[in-house]
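As they're listed, the protein sequences go chains A and X.
The first sequence begins at 1 in my numbering and counts up by one.
The second sequence begins at 1 in my numbering and counts up by one.
By construction, the Cβ of each residue, glycine as well, lies at the ideal position given by its N, Cα and C atoms.
Encoded as structure tokens, the structure appears first; notes follow it.
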Amino acid sequence: MSSILSVQNLTTRFHTFDGTVYAVNGVDFELQPGETLAVVGESGSGKSVSVLSLLGLLPAESAEVKGSARFQTKDTQTDLLAISKEKLNKIRGKHISIVFQDALRSLNPVLTVGEQISESLMTHMGYNKRRAYTRAVELLENVGISYPEKRFYSYPHQFSGGMRQRAMIAIAIACEPEILVADEPTTALDVTIQTQIVELTRRLQREMGMTVIWITHDLGVVAGIADRVMVMYAGMPIEMAKVDDLYENAQHPYTEGLLGAIPEVGETEQNRLISIGGAPPDLFEAPKHCQFAWRCPYVFERCWKEIPPNYQVEEGHYTKCFYDMSRQQARDEE
Amino acid sequence: MEIVQVDKISKHFQLKRSFLSLGRSPVVKAVDNISFSIEKGETLGLVGESGCGKSTLGRTILRLYEPTDGIIRFEDTNVSELGREDLRKFRTKMQIVFQDSYSSLNPRHRVGDIIAEPMMIHTEMEPKEIKDRIFELLKLVGLKPMHAQRFPHEFSGGQRQRINIARALALYPRFVVCDEPISALDVSIQAQVVNLLQDLQKKLGITYLFIAHDLSMVQHISDRIAVMYLGRMMELTTSRQLFDDPLHPYTQSLISAIPIPNPKRERERGHIVLEGEVPSPVNPPAGCVFHTRCPVAEEKCSREVPEYREAKPGHWVACHFALDDDKVKIL
Numbered sequence: 001m002s003s004i005l006s007v008q009n010l011t012t013r014f015h016t017f018d019g020t021v022y023a024v025n026g027v028d029f030e031l032q033p034g035e036t037l038a039v040v041g042e043s044g045s046g047k048s049v050s051v052l053s054l055l056g057l058l059p060a061e062s063a064e065v066k067g068s069a070r071f072q073t074k075d076t077q078t079d080l081l082a083i084s085k086e087k088l089n090k091i092r093g094k095h096i097s098i099v100f101q102d103a104l105r106s107l108n109p110v111l112t113v114g115e116q117i118s119e120s121l122m123t124h125m126g127y128n129k130r131r132a133y134t135r136a137v138e139l140l141e142n143v144g145i146s147y148p149e150k151r152f153y154s155y156p157h158q159f160s161g162g163m164r165q166r167a168m169i170a171i172a173i174a175c176e177p178e179i180l181v182a183d184e185p186t187t188a189l190d191v192t193i194q195t196q197i198v199e200l201t202r203r204l205q206r207e208m209g210m211t212v213i214w215i216t217h218d219l220g221v222v223a224g225i226a227d228r229v230m231v232m233y234a235g236m237p238i239e240m241a242k243v244d245d246l247y248e249n250a251q252h253p254y255t256e257g258l259l260g261a262i263p264e265v266g267e268t269e270q271n272r273l274i275s276i277g278g279a280p281p282d283l284f285e286a287p288k289h290c291q292f293a294w295r296c297p298y299v300f301e302r303c304w305k306e307i308p309p310n311y312q313v314e315e316g317h318y319t320k321c322f323y324d325m326s327r328q329q330a331r332d333e334e
Numbered sequence: 001m002e003i004v005q006v007d008k009i010s011k012h013f014q015l016k017r018s019f020l021s022l023g024r025s026p027v028v029k030a031v032d033n034i035s036f037s038i039e040k041g042e043t044l045g046l047v048g049e050s051g052c053g054k055s056t057l058g059r060t061i062l063r064l065y066e067p068t069d070g071i072i073r074f075e076d077t078n079v080s081e082l083g084r085e086d087l088r089k090f091r092t093k094m095q096i097v098f099q100d101s102y103s104s105l106n107p108r109h110r111v112g113d114i115i116a117e118p119m120m121i122h123t124e125m126e127p128k129e130i131k132d133r134i135f136e137l138l139k140l141v142g143l144k145p146m147h148a149q150r151f152p153h154e155f156s157g158g159q160r161q162r163i164n165i166a167r168a169l170a171l172y173p174r175f176v177v178c179d180e181p182i183s184a185l186d187v188s189i190q191a192q193v194v195n196l197l198q199d200l201q202k203k204l205g206i207t208y209l210f211i212a213h214d215l216s217m218v219q220h221i222s223d224r225i226a227v228m229y230l231g232r233m234m235e236l237t238t239s240r241q242l243f244d245d246p247l248h249p250y251t252q253s254l255i256s257a258i259p260i261p262n263p264k265r266e267r268e269r270g271h272i273v274l275e276g277e278v279p280s281p282v283n284p285p286a287g288c289v290f291h292t293r294c295p296v297a298e299e300k301c302s303r304e305v306p307e308y309r310e311a312k313p314g315h316w317v318a319c320h321f322a323l324d325d326d327k328v329k330i331l
């Protein structure tokens, strides 16, 4: 099957008063229709920025985005990074939509929730006001908001955190997009509400056959929802694998460290958590070698000299590391 | 031996009367009639969703908030009756580490001064002694003596939390309340701070009250765990017991909500998805506060407040049906 989105060599730099920030340094991935791709990383790893770059949602004055992102719909193919702003506006919200972490700040406080759902229906689908109202009420009901006719007229501040996130999802799915980007939608929510939102997204994905990019820092959440996982560190995807392979056979020392940092539920004895020493690198310098070298327990000379290329470990499983975890030795130089 | 004993404490906040709410001003019962004790040298985890009163409880125990009702004992002292001056002296024995390491460190003070402050206020140490103690503390929490010269903004979140811990330990406290010390940190840094807290406990024999909303981290660090919901205590027992045999439906749903970092197990196990959201603490439900979301609630639950009782040895729970396994075990 051909991929729905194919991103190649995406780089994003921010030009600031303090210097250039190398936020994304070469991201490649293919997105298959209907799958859920989880993008995992800590704060500053570039996981959100790479997706925002694709959708043209970064400030044009300071952000410099390069690379290509071919987006395939039924009959047309477009490069999201090459088309005009107007054309991108037509794709965003209709074919690709996004749910943000902070629902309160992403919703317009002076418009009712219903108006905000109708807005995208009228802009992208050409609905008139009455038809948009009917559809918006349907959508509110579909995302699990009770009394949708009444709630249509509520303002965001009258909603609780969980309901706001549901409203955000209603807006995002209004035009039945092919791709839904979920940018840490559950991070700010309580655990019991988190479960509700995850279940809701999975049901909608099943019903509508959407492709989902789920951005998160929580490897626990990923285990339950993703088909494939891309782990990012310092603006680079350092490991990419099917979800089962990643958890059973982590090939990058950083992924291994992340998995070791999560305590096991119901553990019988208190094992010490594996912590990764140090902190993520400063992004003000262009990467010249492996960015994880400072914190890596397996580091050796070559890691300080060049950026590791993508090594294929098994089918669909790639890692950017000179150290071969399965053989516990350095990879041969080619 | 018990180091802290809390007997039926409550903390109620009086809200401002608004123009529209005629009559009495509304009261938020942030902590309502809670009793428990903390053993010397143990870590008691305290979990609950936001707004359940877990931080208020932690602060009330230290008397950073005045309790509305109830008695707090620390060793042989009745903390709730201490006068201003006695309380100030007493504070050396109990300390707190806050969640937000930005706002809890004065941005205009150097790290050395921040750590020195409690010693200048509470002790008569010579400047030389204070300086040595600062270096000792910095080393203890994994920083370097040269860091004393720097300002808080020069540090990362995890390092700032280490500074907070160093300050809390300056006066050799015996009891430290950790109020969500790791919630704002990245996963790999969380593990660093948790390991540090455990090492310090081993070395110095400190007792912790560890407050968090992340049950998986809490069970890792705690000997016993207390679960709160809307200002009330729902369940309290050893970490092991809580995960092996949770008696309260709320605890069970919290455990089921922890994502397991193992795709196969995660796909196979069931989830309890609770309906609705936490009700407003201004107007909590009558009877059992959890009955509006409880999957096994009966009519009785909306009428009678369940007694918080020791249902099994060392296992406290507030649910009418706690011992009715067929009914209450929902997973």
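Item: Skipping 5 residues on each side, what residues in its chain have a beta carbon closer than 7 angstroms to that of glycine 361/A?; Value: No statement about residue 361/A is possible, as the shown extent of chain A runs from 1 to 334 and does not include it.
Item: What runs of the alpha helix (DSSP H), each 4 residues or longer, lie entirely inside the region 56 to 105 of chain A?; Value: 85 to 91
Item: When DSSP labels each residue in this structure, what does leucine 196/X get in the three-state scheme?; Value: helix
Item: Given 8 angstroms as the limit, is there contact between the region 283 to 294 of chain X and the region 195 to 211 of chain X, that is, 3 or more CB pairs closer than that?; Value: no
Item: Apply the 10 Å Cβ neighbour rule to serine 239/X and answer buried if 16 or more other Cβ atoms are within range, or exposed otherwise.; Value: buried
Item: Rank Trp214/A, Pro185/A, Asn89/A and Phe100/A by C-alpha distance to the C-alpha of glutamate 35/A and give the top, closest one.; Value: Trp214/A
Item: Mapping DSSP to helix, strand and coil, what is phenylalanine 155/X?; Value: coil
Item: Please check the pair threonine 253/X and leucine 274/X, which I expect to be a contact at CB under 8 angstroms, by giving their CB distance rounded to whole angstroms.; Value: In the sequence on display, residue 253/X carries serine and not threonine. 5 angstroms between Cβ atoms; contact.
Item: Looking at the strands, I want to know which residues DSSP matches up with serine 6/A.; Value: Glu30/A and Arg70/A
Item: Run the CB neighbour count on asparagine 106/X, radius 10 Å, all protein chains shown included, and call it buried at 16 or more, exposed below.; Value: exposed
Item: Give every residue of the same chain whose Cβ lies closer than 7 angstroms to the Cβ of glutamate 176/A, excluding the five residues on either side of it in the sequence, and list them in chain order.; Value: Met208
Item: How would you call serine 2/A, buried or exposed, if buried means at least 16 neighbouring beta carbons within 10 angstroms?; Value: exposed
Item: From the DSSP output, in three-state form, read off phenylalanine 98/X for me.; Value: coil
Item: Within the 8 angstroms Cβ cut-off, does histidine 291/X reach chain A?; Value: no
Item: Just list the alpha helix (DSSP H) runs in the region 226 to 267 of chain X, keeping only unbroken ones of 4 residues or longer that don't cross its boundaries, in chain order.; Value: 239 to 244 and 249 to 257
Item: For my contact list, valine 198/A and threonine 186/A are in at a C-beta cut-off of 8 angstroms; report their separation, rounded to the angstrom.; Value: 6 angstroms
Item: Counting only beta-carbon separations shorter than 8 angstroms, does valine 187/X have a partner in chain A?; Value: yes
Item: So proline 181/X contacts chain A; which residues on that side make the cut at Cβ distance below 9 angstroms?; Value: Within chain A, no residue comes near proline 181/X; the closest Cβ sits about 14 angstroms away, beyond 9 angstroms.
Item: Measure the C-alpha to C-alpha separation of cysteine 288/X and glutamine 198/X and round it to an integer number of angstroms.; Value: 36 angstroms
Item: Can you list, in chain order, the residues of its chain whose CB lies under 7 angstroms from that of methionine 125/A, leaving out five sequence neighbours each side?; Value: Cys175
Item: Glutamate 199/A touches chain X at which residues, Cβ-Cβ below 9 angstroms?; Value: His271 and Val273
Item: For the 8 angstroms Cβ check, are there 3 or more pairs between the region 70 to 89 of chain A and the region 106 to 114 of chain A?; Value: no
Item: Quick one, are the C-beta atoms of glutamine 5/X and serine 37/X less than 8 angstroms apart?; Value: yes
Item: For a contact meaning CB atoms closer than 8 angstroms, what does phenylalanine 90/X contact in chain A?; Value: Residues of chain A passing the Cβ test: none, with the nearest at roughly 32 angstroms.
Item: In chain A, which residues lie less than 7 angstroms from isoleucine 330/X when you measure between Cβ atoms?; Value: Correct list: empty, because the minimum Cβ distance to chain A is about 14 angstroms.
Item: Are the beta-carbon atoms of proline 181/X and glutamine 159/X separated by less than 8 angstroms?; Value: no
Item: Just to confirm before moving on: does the CB-CB distance between isoleucine 163/X and valine 111/X stay below 8 angstroms?; Value: yes
Item: Check whether the region 312 to 321 of chain A touches the region 235 to 243 of chain A, taking contact to mean three or more Cβ pairs, one atom from each stretch, closer than 8 angstroms.; Value: yes
Item: Determine the chain A residues that contact arginine 267/X at a beta-carbon separation under 8 angstroms, and present them in chain order.; Value: Gly224
Item: What number of angstroms, rounded off, separates the C-alpha of leucine 10/A from the C-alpha of valine 27/A?; Value: 5 angstroms
Item: At which residue ranges does the region 28 to 105 of chain X contain complete alpha helix (DSSP H) runs of 4 or more residues, listed in the order of the chain?; Value: 54 to 61 and 84 to 90
Item: Taking only beta carbons into account, state which residues of the region 154 to 167 of chain A come closer than 9 angstroms to chain X, listed in chain order.; Value: Ser160, Gly161, Gly162 and Met163
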